[in-house]
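Enquirer:
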Amino acid sequence: MDRQQEYVLRTIEERDIRFIRLWFTDVLGTLKSVAVAPAELEGAFTEGIGFDGSSIEGLARVFESDMLVLPDADTFQVLPWRGENPGTARMFCDIRLPDGSASQADPRNVLQRALTKASDKGLTFYTHPEIEFYLFEQNMRPGEPPTPVDQAGFFDHVPHGTGHDFRRSAISMLEQMGISVEFSHHEAGPGQNEIDLRYADALSTADNIMTFRTVIKEVALEQGVFASFMPKPLADAPGSGMHTHVSLFEGDRNAFYEAGAPYQLSSTAKGFIAGILHHAPEISAVTNQWVNSYKRIWSGAEAPAHVSWGHNNRSAMVRVPMYKPAKGQSARVEVRSIDASANPYLAYAVVLAAGMKGIEEGYELPPEAEDDVWNLTDRERRAMGIDPLPASLDHAIHLMEGSELVAETLGEHVFDFFLRNKRAEWAGYRDQVTQFELDQYLKRL
Amino acid sequence: MNVPREQSRRAALVRAGFAEPTRAEPMLDELGLPADAIATMSRAASPDQALLGLVRLREVLPDAEKGSFAALFADDPDGWARLVAVTGASAALTDRLVRHPGQWHDVAAARIASREELYAALTDAVGDRTGTEAYDALRVAYFRQLIQIAAVDLTGDGIEQFPVIAEALSDLAGAALEAALRIARNTVPDEQTCRLSVIAMGKCGGRELNYISDVDVIFVAEPAGDADEDEALAVGTKLATELMRACSVATGEGSLWQVDPALRPEGKQGPLVRTVASHRNYYERWAKTWEFQALLKARPIAGDEELGAAYLEVIQPMVWRAAGRDHFVEDVQAMRRRVEQHLPAAEADRELKLGKGGLRDIEFSVQLLQLVHGRTDDRLRNRSTLAAMESLSRGGYIGRVDAHELDHAYRQLRLLEHRIQLSRMRRTHLMPTGEGDLRALGRAVGLRVDAERKVVELWRSQSAQVRRLHERIFYRPLLSAVARLSADDARLSPESARDRFAALGFRDSAGAIRHIEALTSGVSRRAAIQRTLLPVMLQWFAEEVDPDLGLLAFRKLSDALGSTPWFLKMLRDEGRAAETLARVLAGSRYVGQLLERAPSAVSVFGSREARRPLSRDQLNSTMRAAIQRQDDDDAALLAIRSARRNELIRIAVAELSGELEDLDALEIALTDLAAATLQGALDLAIRHVEKESGTMLSTSIAIIGMGRFGGRELGFGSDADVMFVHDPLPGADAGIAQAQAEQVVGYLRTGLSASGPDPALGVDADLRPEGKAGPIVRTLASYAGYYERWSEGWEAQALLRATPVAGDDELGSRFTGLIDPLRWPEGGISEKAVRQIRTLKARMEAERIPRGGDVRTHFKLGRGGLSDVEWTVQLAQLEHAHEIPALRHPGTITPLRVMAEHDLISLRDAAALRESWSLATRLRNASVLWRGRPVDALPSNLTDADGIARILGGPVGAGHELGERYLRVARRARAVVEREFYGTDPDDGDDFEPTR
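Below, the structure is given as structure tokens:
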């Protein structure tokens, strides 16, 4: 037992917390929760709480023994939900086997393993996501597209808009939960919002993203609307991405920064970008894990469908943003392919692994894309050596199947489960007869 | 004789141990010493160094003192001896003397001051001073005392007075801390608002400090009077910080040692000082088992005595409750493993302190026993290692003789450590390497002749003693709980024995006690041998995956062999026999079960020679002899099976002891054994049928090995896949010949497959023409007729691995002559045949995995498993064996290598296939050895995984990596199979599993 755990027990006492939710995430990125009473918590810290892993997606047991959730006291937060009085708190958990070893099937463990590998090389991985989502009216008619809560555009100020109130209370609730919000504005689509989480190490960020999604959905319900992180909910409006700024630190030094180099990019940064580009197609099934994800990727404009990088090029998959030259510490690159519904633990793990691979193997960084990649023809792109990302989930699955990098990063167990689950999803999708087909074919054929 | 005077002095120098007499002579003259002084220098660790030191010292003495210094030799022989000893043993202390020459009087008159005197001397020296001035005063006063302790140490019996010296060093350290606290109080403003007590931990707490090492402490603070607690703690932190600085900072007078406060609550993250209540809070709620172990040594050493006493009163009871905490047993075991594994490889062979047989090992083991048994027995609550050893011995927890020897070994090792540290006053636990240093060290511990070599011997023999420590102090006393032993031995109560068994990793303590009782009770010779044997066996059991299993199997074995004289004698006398047996029994149910039926086969443990698998010829004659000894056919059959069982034990034990050079050697041994067994059974069956019918057999019979048998790749638990062929003698009646052959085969199969006392060998002939519907044995002509009907080229796949294994050699060759053109068809096989083979394999994959099985984990039929690899090889053989003769081989790994050599597969792909096939094979074998029965898939139970991983050569507890490793290797192999066998190109974008 350490001081942090001591602090948790004390806080629970002082703030009259009656329930503690132990949170963990399944392989697909869905938040799971086990509630315990304060009296059980001390035991949970030392021994964990047993549960049947086979009932959770992707946690199907590797060994026959029960699994344990072990709360991470550093993640303790009182939940600020309205109506939760007496109070409720939450902690994220690691999943363990009864002998205390980490479960290979725990997404949090997947990310921890990837981070440990980087830290063995002296590097720490920081991320800063910009999360987009839509707010829709609650009363949806089946078979019709959802109705956004407003019709505003980028950076519009909407007087008394639902979105405005919503953002105010969401931000205040997030901050009550210790999640700093850096910036927020109205995104390009009607009813679309973006909230940026502040820079933190990748594990904290991933925990924060899980919390963030829950908070956003809670607040939306309080406001009588609902929130969706679906990658592409409306055919004629932009999708919701999760552009993530990433950087590596070596101790206190930003390892991406090199004064005087082009764009101040160190060779570490170049290797990292090259790694992400090289492996982008095979990690797509993780960074863009749904059938619907590929409808965002291929919707043009700011969505990146092509493996390219550029300096302030919003069509590139990896963007090297401008920053003030004096601020060497803020050197970073923005990965624009990840969408808002990815499992953040797995997505950050594969992005990190791909980048690290680029550094270790000394991949060559291809030339920068200076034009809007969407404005090129396919032949031009091919001639310039710009490869496309997978066109569909099906295609992405195939590419992942052959990926040693993804298998090693996820571990054999998660790798296999993930593929099986995604194949089933694709098959389920293909089995549908869509409105598109009926409209196009029914009468004509 | 008229020897010149010069030469005789030179000889005297040499005899006195001077290494460089030429250099010594002028120095002797300079000191003005008479010739008979030379002999007195022979007691110095290095006479050369002593002499040089004395000369240097004399040089810096004021003229007034030079006279008394010169007279010392004559006036005060003891004082002279002390001065010689110090200068001869320590270059560092000699330097100090030269710096403060007046202290030579102290050395000459050296004695060990009492604790009170030491505290007063150092504190007075510091007085009201602060800063460097104070630090210097502390250092001068400290070394003035230290050099006296060294003088006494070096001129007395080092072993005998070791505790006195170690206590004096600890008290001196305490005095230094007290004086350092005085400096801190002189320095820090508002010091009077805080009461501070310094608690010594570690060696200093145990009053067994060495000459130079970190001094471990914990600080306890309380506000004085009605001072504010927060402010007082802030002052306390400043006091503690200045105290540590006063000891550790290097000034012109050097430094004392580092004060290490890392054992405090929360370690380096925690506050430097805490109140008593805060300490209590921490230990009540959060402390880990090892922290309580450290607290065993806690002792107030400086500062506020009342506060120190209050701290002890609160903390001590908790130490003894620690053993009742959850996880105590697991923690202790983990700590034990850590200590055992903590061997820094680079300097392991010079380490006095760390590693097996080192000082740390003794100290840790003694503390562990104190924690385990001190809960119920407060006589064990000693702080020092030697005192605790004595209490453990007096309380009956370890044997008296063991305790005595261990005590001696501990003192001896510590003495070596002290002498090494004294030489340069460096914090080191490494044996020196230079010859001169070793020689001085040997002389410093009293060795005179051949000191540089003898000292290494001395050290090695002591650490060899200590290396058997666990057996002696953990395990041997366990016997005393149940057996009546000599008065020298430990007397453990049954409750204490149960605690101890649990702490050592036995799950069923009560059962373990029962077994030991049964094995050792009584006055028989056998019980007496068991009593000497068991302690070390118990240790080996405890180091394996399943100690309980090992002990139970050993009990059964001993019960069965009780009256056999050689059994216990072998274990007692034959080198590693007992260890091999213990480790095998605790790691393999398979061997345990076989031995249960054939206890006498345990003789294979006697020597490595006895475990070398027999050759095929030796096996054949063994089988022949087994048959010939029995007139009764059924009895002869049993004899064959027993002979096979004994050989299985031999092979299994050789494999488990890592004595077979590779997988190939194991497979060949098992294949030869199966072949010889079939040969024996065939001979017997023929004898039986001829006897029954009263006629000679009118046909010759051969047995063809198929599958892994034909490929010489059998594993533990494999059935023998075969086909039977016969060929009637010229002129024989075809009907009679067929009937006779069927009788022979029938007798053989039933005889080997039926259940019986010894393991059955399944004889599986399902690969024969028409499968189960076809006749069990056919004539060669019938095979020829049948094979003639084949037309498509794929049917011969199973024949690729056919090899005659027993019976008529000539018939066997004719059979292969028949099938060679089929299995290695000229021009390869057609596209259509390839398609058919692929289809067949695909169908098998869909149908053959047993219900509830997992396609990922099944060794044989799973993805990337054995059959994936084998089919890939076989397809290549059908296609290319006609043009590449080297491919005509019934195995898997050999043709795979040939494929790579001929570019039929890339080296990388071949390696992936080989790795998966070999790992699956080894896992399958290891699973049988561990579980005692055939196993088809990765274990779903962690204990099984641990056991299997251990057999594959991993450390205990490596089980959860096993699955990940196999799945990875198999996945890579499967990717190769998709490409090379199924011919799919992953890059062509085809959807391999469109229906999912």
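Residue numbers (the working numbering), protein chains in the order written: chain A, 2 to 446; chain B, 2 to 997.
Backbone N, C-alpha and C define an ideal beta-carbon position, used for all residues, glycine too.
Of the choices Met571(B), Pro63(B), Ala71(B), whose alpha-carbon is the least far from that of Glu31(B)?
Expert: Ala71(B)
Enquirer: Among Val690(B), Leu657(B), Arg713(B), Ser701(B), which has the Cα closest to the Cα of Ala675(B)?
Expert: Its Cα nearest to that of Ala675(B), the residue Arg713(B) stands out among Val690(B), Leu657(B), Arg713(B), Ser701(B).
Enquirer: Residue range of the beta strand (DSSP E) that Met28(B) falls in?
Expert: From DSSP, Met28(B) is part of no beta strand (DSSP E) but of the alpha helix (DSSP H) over 22–32.
Enquirer: Look at the alpha carbon of Ile96(A) and the alpha carbon of Ala946(B), and state the distance between them as a whole number of angstroms.
Expert: 19 Å
Enquirer: With a threshold of 8 Å between beta-carbons, can His961(B) be considered close to chain A, or not?
Expert: Yes, contact with chain A.
Enquirer: Which term fits Leu762(B), buried or exposed, when burial requires 16 or more other beta carbons within 10 angstroms of its beta carbon?
Expert: buried
Enquirer: Taking the beta carbon of Pro93(A) as the centre, do at least 16 other beta carbons fall within 10 Å, making it buried, or is it exposed?
Expert: According to the sequence provided, residue 93(A) is Phe. The question's Pro does not apply to it. Label assigned to Phe93(A): buried.
Enquirer: Flag Leu296(B) as yes if its beta-carbon sits less than 8 Å from any beta-carbon of chain A, otherwise no.
Expert: no
Enquirer: Consider the Cβ of Leu730(B): report whether some Cβ of chain A lies at a distance smaller than 8 Å.
Expert: Chain A contact via Cβ: absent.
Enquirer: Would you call the CB atoms of His244(A) and Glu369(A) closer than 8 Å?
Expert: For the 8 Å CB-CB criterion, His244(A) and Glu369(A) do not form a contact.
Enquirer: Check whether the region 418–435 of chain B touches the region 512–523 of chain B, counting contact only when three or more Cβ pairs, one atom from each stretch, lie closer than 8 Å.
Expert: no
Enquirer: Name the one or two DSSP bridge partners that Lys33(A) has.
Expert: Phe25(A)
Enquirer: Could you say which of Ser616(B), Val216(B), Ser699(B), Thr124(B) lies nearest to Arg186(B) if we only look at CA atoms?
Expert: Between Arg186(B) and the set Ser616(B), Val216(B), Ser699(B), Thr124(B), the nearest pair of CA atoms involves Thr124(B).
Enquirer: Give a yes or no on whether 8 Å exceeds the smallest Cβ distance from Leu943(B) to chain A.
Expert: yes
Enquirer: Return the CA-CA distance between Leu685(B) and Trp795(B), expressed in angstroms with no decimal places.
Expert: If you take the alpha carbons of Leu685(B) and Trp795(B), they lie about 37 Å apart.
Enquirer: Under 8 Å by Cβ, that's how I've got Thr804(B) and Gly716(B) pegged, so tell me the actual separation to the nearest angstrom.
Expert: No, Thr804(B) and Gly716(B) are not in contact; Cβ-Cβ is about 17 Å, not under 8 Å.
Enquirer: Roughly how many angstroms lie between the CA atoms of Glu575(B) and Ala602(B), to the nearest whole one?
Expert: 16 Å
Enquirer: Please list the residues of the region 92–122 of chain A that have a C-beta atom closer than 8 Å to any C-beta atom in chain B, keeping them in chain order.
Expert: The region 92–122 of chain A vs chain B, Cβ under 8 Å: Leu98, Pro99, Asp100, Ser102, Gln105.
Enquirer: In the DSSP output, which residue or residues are listed as bridge partners for Val247(A)?
Expert: Thr128(A), Val334(A)
Enquirer: Give a yes or no on whether 8 Å exceeds the smallest Cβ distance from Arg322(B) to chain A.
Expert: no
Enquirer: Between Gly276(A) and the rest of its own chain, which residues show a CB-CB distance below 6 Å, the 5 nearest in sequence each way excluded?
Expert: Ala355, Gly356, Lys358, Gly359, Tyr364
Enquirer: What would DSSP say about Pro164(B), mapped onto helix, strand or coil?
Expert: helix
Enquirer: Tell me which same chain residues have a C-beta within less than 7 Å of the C-beta of Thr212(A), skipping the five on either side of it?
Expert: Met178, Ile180
Enquirer: What's the C-alpha gap between Gly984(B) and Ile838(B)?
Expert: Rounded to whole angstroms, Gly984(B) to Ile838(B) spans 12 Å at the Cα level.
Enquirer: Can you tell me where the alpha helix (DSSP H) holding Gly786(B) begins and where it ends?
Expert: 781–789
Enquirer: Find the nearest neighbour of Gly747(B) within the set Ala735(B), Leu308(B), Gly512(B), Asp765(B), judged by alpha-carbon distance.
Expert: Asp765(B)
Enquirer: Which partner residues does Gln193(A) have in the DSSP bridge list?
Expert: Tyr135(A)
Enquirer: Check Tyr983(B) in the structure and name its three-state DSSP category.
Expert: If DSSP states are grouped into helix, strand and coil, Tyr983(B) belongs with coil.
Enquirer: Classify Leu197(B) as helix, strand or coil using the three-state DSSP reduction.
Expert: strand
Enquirer: Per DSSP, what are the beta-bridge partners of Ser229(A) in this structure?
Expert: Tyr135(A)
Enquirer: If the criterion is Cβ atoms closer than 8 Å, does the pair Val111(A) and Leu353(A) meet it?
Expert: no
Enquirer: Looking at chain C, is there any beta carbon in it that lies within less than 8 Å of the beta carbon of Leu968(B)?
Expert: In the structure shown, chain C cannot be found, because the protein chains are A and B.
Enquirer: Using beta carbons (cut-off 8 Å, strictly below), is Asp73(A) in contact with chain B?
Expert: no
Enquirer: According to DSSP, simplified to helix, strand and coil, what is Asp440(A)?
Expert: Helix at Asp440(A).
Enquirer: Indicate whether Tyr591(B) and Leu539(B) have their beta-carbon atoms separated by less than 8 Å.
Expert: no
Enquirer: Using the beta-carbon of each residue, which ones in chain B are nearer than 8 Å to Ala408(A)?
Expert: Arg969, Arg972
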